[in-house]
Amino acid sequence: MTVFLIIIVIALLGITLWQMSKILNLSKSHSSEDPSIATDKDNKNQGYLMLGFLIVFNIFMFYNFWEYSRFYLPEAASAHGVQFDNLMFLSLAIIMFVQVITQFLLHYFSFIYRGEKGKRAYFYADNDKLEFIWTIIPVIVLAGLIIYGLFTWSDIMNVEEDEDTIVIELYAYQFGWKARYAGEDNTLGKANVRFIEGINTVGVDESDSYAKDDKIVSELHLPVDKKVLFKMRSQDVLHSAYFPFFRAQMNVVPGMITQFGFTPTITSEEMRQTDYMVDKVKTINQIRKENSKELVANGDMALDPYEFEYYLLCNKICGISHYNMQMKIVVENEEDYKEWIAEQESFGETLAKQEEQ
Ligand SMILES: [Cu+2]
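So in full-length UniProt numbering, spot 15 of the sequence shown is number 15, and the numbers just go up one at a time.
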């Protein structure tokens with residue numbers, strides 16, 4: 001009841017103030033000055049506001065860069081990632097440089113050339129030289145950026161497949177990933193979603209001789225400094241294979257094979273040792289520790305400490321459990337990789353086992 005009364009009082013007060021301002025406005029209109037024309041004082045206020053906005057905006061912008069740059073991804077963990085980051089940084093630097101200059105000129109000129117009684121604008125029709133300069137500079141800069149971007153793009157996207165390239169199929173489904181290694185013959189067997197049946201969860205063609213030695217796994221292991229080529233298939237809807245630490249992303253489209261390749265350069269263990277990651281893991285574990293206190297008090301289990309792992313994520317909102325669609329990636333040295341791959345069961349072995357039963 002009290003709250004209701006307070007609301008009514010505030011509302012009545014508001015109406016009173018509004019009515020008073022209307023009366024004041026009505027009494028003003030009898031004066032000689034037309035309120036719709038800006039006075040020198042109005043122009044001065046607006047001029048200073050322009051200057052104020054410029055200062056506040058720049059402080060806000062630089063503060064954000066300083067405060068939030070720690071949330072950037074760390075150094076790229078793939079060979080092409082360095083090129084990608086350079087292109088990104090160069091584009092951002094140019095945009096920032098031009099932005100600071102143009103915003104300064106726009107607001108500063110609005111301030112010093114603000115309206116004043118008796119002051120008239122200088123009539124200046126055009127200047128071919130000036131127009132040429134402000135056209136040719138953006139043309140050169142943009143053309144440079146586009147050409148540099150195209151070279152970077154073709155460098156990244158044209159993965160030449162040679163004998164050393166490891167070919168891995170990434171198979172996306174609602175809601176998870178499977179990886180298929182090509183096996184001894186380094187050739188993936190044919191596959192189609194129509195062959196999915198029982199233990200053949202990714203639809204490998206059992207009659208294809210290349211398929212017998214393929215290895216289907218649910219954790220991705222990659223040897224460091226080796227070129228990897230991913231061939232991607234989707235079982236159901238559009239997914240997107242997203243490797244943020246390797247600066248790679250590619251759509252996974254039902255009914256077709258898309259591909260992308262890269263060379264990982266930093267092992268999972270090396271990434272864990274970087275200052276960036278040590279710091280990040282420390283912060284996360286601090287938060288987990290805090291949250292665990294409340295859980296334990298309520299009789300629940302404490303949260304496990306966090307350890308960094310690379311993950312393959314899905315970056316297309318593909319359904320209700322999209323957020324949880326991920327596969328662990330382990331980047332390791334070649335011996336560890338070879339040891340791991342040797343332990344994995346081949347598709348032929350899985351089939352044979354099933355027949356025995
Ligand atoms: Cu998905």
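The beta-carbon is built from N, C-alpha and C at its ideal position, and this holds for glycine as well.
As the structure is a computational prediction, the values presented were derived from the model and not from experiment.
*Does the region 303 to 314 touch the region 108 to 118, meaning 3 or more C-beta pairs lie closer than 8 Å?*
no
*Taking only runs that begin and end inside the region 248 to 294, name each unbroken beta strand (DSSP E) of 3 or more residues, in chain order.*
248 to 252 and 258 to 262
*Spatial neighbours of Pro74 within its chain, please: CB distance less than 8 Å, with the 5 preceding and 5 following residues excluded, ordered by chain position.*
Phe245, Met271, Thr274, Tyr276 and Met277
*asked:* Quick check: does the Cβ of His239 come within less than 7 Å of any heavy atom belonging to ligand 1?
replied: yes
*In whole angstroms, what separates the C-alpha of residue 437 from that of Val139?*
The structure shown does not extend to residue 437, since the chain is modelled only from 1 to 357, so the question has no answer here.
_With a threshold of 8 Å, are at least 3 pairs of Cβ atoms found where one atom belongs to the region 98 to 109 and the other to the region 44 to 57?_
yes
_Sequence-distant residues of its chain with Cβ nearer than 7 Å to Phe260 (five each side left out)_ = Phe230, Ala248 and Met250
*Validate contact between the region 224 to 240 and the region 204 to 211 using beta carbons, cut 8 Å, 3 pairs*: no
*What beta strand (DSSP E) runs, 3 residues minimum, are completely inside the region 160 to 204?*
166 to 173 and 176 to 181
*asked:* So for Val100, helix, strand or coil by DSSP?
replied: helix
_Bridge partner(s) assigned by DSSP for Ala241_ = Met250 and Cys314
*asked:* According to DSSP, simplified to helix, strand and coil, what is Ile216?
replied: strand
*Is it right to say Lys178 is buried, meaning 16 or more other beta carbons lie within 10 angstroms of its own, or is it exposed?*
buried
*Cβ-heavy atom distance between Met325 and ligand 1 below 7 Å?*
yes
*For ligand 1, any of its heavy atoms closer than 7 Å to the Cβ of Ala172?*
yes
_C-beta atoms of Ile156 and Phe84 nearer than 8 Å_ = yes
*Among all the DSSP beta bridges, which residues are the ones paired with Ile329?*
Leu220 and Tyr310
*Are the C-beta of Phe123 and some C-beta of chain B separated by less than 8 Å?*
Going by chain labels, chain B is absent from the structure shown, which holds only one protein chain.
*asked:* Please identify the residue among Phe111, Leu17 and Lys328 whose C-alpha is closest to the C-alpha of Leu312.
replied: Lys328
_Per DSSP, cross-strand counterpart(s) of Leu229_ = Val167 and Gly261
_So for Ser21, helix, strand or coil by DSSP?_
helix
*Taking Cβ to Cβ, would you say Ile199 is nearer than 8 Å to Thr350?*
yes
*Between Val3 and Lys22, what straight-line distance do the alpha-carbon atoms span, to the nearest angstrom?*
29 Å
*Span of the alpha helix (DSSP H) around Val73*: Sequence check: residue 73 is Leu here, not Val. Per DSSP, Leu73 belongs to no alpha helix (DSSP H) and is neither H nor E.
_Same chain, Cβ closer than 6 Å to Val217, five either side skipped, listed in chain order_ = Ala179 and Gln344
*So, is Gly149 buried or exposed, given that buried needs 16 or more other C-beta atoms within 10 angstroms?*
exposed
*For Ser110, the three-state DSSP class (helix, strand or coil)*: helix
*List the endpoints of the continuous alpha helix (DSSP H) containing Gly348.*
Phe347 to Glu356
_Less than 8 Å between C-beta atoms, sequence neighbours within five positions excluded: which residues of the same chain meet that for Tyr48?_
Phe111
*Do the region 56 to 73 and the region 124 to 136 make contact, defined as three or more Cβ pairs closer than 8 Å?*
no
*If you compare alpha carbons, which of Ala182, Asp279 and Val167 is closest to residue 362?*
The displayed coordinates of the chain run from 1 to 357. Any statement about residue 362 would go beyond what the structure contains.
*Sheet register partners of Ser234 (DSSP bridge)*: Ala172 and Pro254
*Taking the CB atoms as reference points, tell me whether Pro223 and Asn333 lie closer together than 8 Å.*
yes
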